[in-house]
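First residue of the sequence shown? That's 1 in the UniProt record's numbering, and the numbers climb one at a time after it.
Ideal placement from N, C-alpha and C gives every residue a C-beta, glycine not left out.
I have placed the structure first, in the form of structure tokens, so that the comments after it can refer back to it.
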Amino acid sequence: MTNIRPFSLFPAISDNMLSNRFDQIDRLFSQLTGSKPVSVPAQTYNLKQIDDNHYELTVSVPGYQESDLTVSLKGGRLLVEGKKEEKIQEDNEKWLHRGISQGQFTLQFDLGKNVKIEKANLSSGLLAINIEYELPEEEKPQMIAIENKDNK
Numbered sequence: 001m002t003n004i005r006p007f008s009l010f011p012a013i014s015d016n017m018l019s020n021r022f023d024q025i026d027r028l029f030s031q032l033t034g035s036k037p038v039s040v041p042a043q044t045y046n047l048k049q050i051d052d053n054h055y056e057l058t059v060s061v062p063g064y065q066e067s068d069l070t071v072s073l074k075g076g077r078l079l080v081e082g083k084k085e086e087k088i089q090e091d092n093e094k095w096l097h098r099g100i101s102q103g104q105f106t107l108q109f110d111l112g113k114n115v116k117i118e119k120a121n122l123s124s125g126l127l128a129i130n131i132e133y134e135l136p137e138e139e140k141p142q143m144i145a146i147e148n149k150d151n152k
């Protein structure tokens, strides 16, 4: 179940990479006890306001390439998805710890109807998405001239 929230800086996260039973039980136990879960199922991001109409959303995606990521906008909903195929461990590899998640993730932001994605850039494990709010002419404030009838 995915909840969609307005663009209030809190994305709805559909976390497929932590869908095994252990992680589900871990999260449930953490909610009941208030302790921090062993595995935190959150994709980190920043949101910066550039000016009145422009914003930059930056999502941390370490290890993902452009081909592993999709950014789409439909009906005012921004969808950022990452899918990376798990590399098969070779016989000579001996991992002591694997903490960098390389699975699947989905972030959804409900941006509203007057939004446009200008561009998306991937650099050093950070996906930056430039967002522009386009206010239609009919919704912009209109200045009304005031006439002074006494000066005629």
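Note that the C-beta distance between serine 60 and threonine 70 is not below 7 Å. Straight-line spacing of the CA atoms in isoleucine 100 and glutamine 65 works out to 14 Å. For lysine 83, the enclosing beta strand (DSSP E) begins and ends at 77-83.
Rounded to whole angstroms, the separation of the alpha carbons of tyrosine 133 and lysine 149 is 40 Å. For a cut-off of 8 Å, the C-beta gap from glutamate 56 to alanine 120 is around 10 Å, too long to register as a contact.
In this structure, lysine 113 sits near glycine 76, with a CB-CB distance shorter than 7 Å. Relative to lysine 140, the option among Asn46, Lys48 and Asp52 whose CA is nearest is Asp52. In this structure, the CA atom of threonine 58 is about 24 Å from the CA atom of arginine 98.
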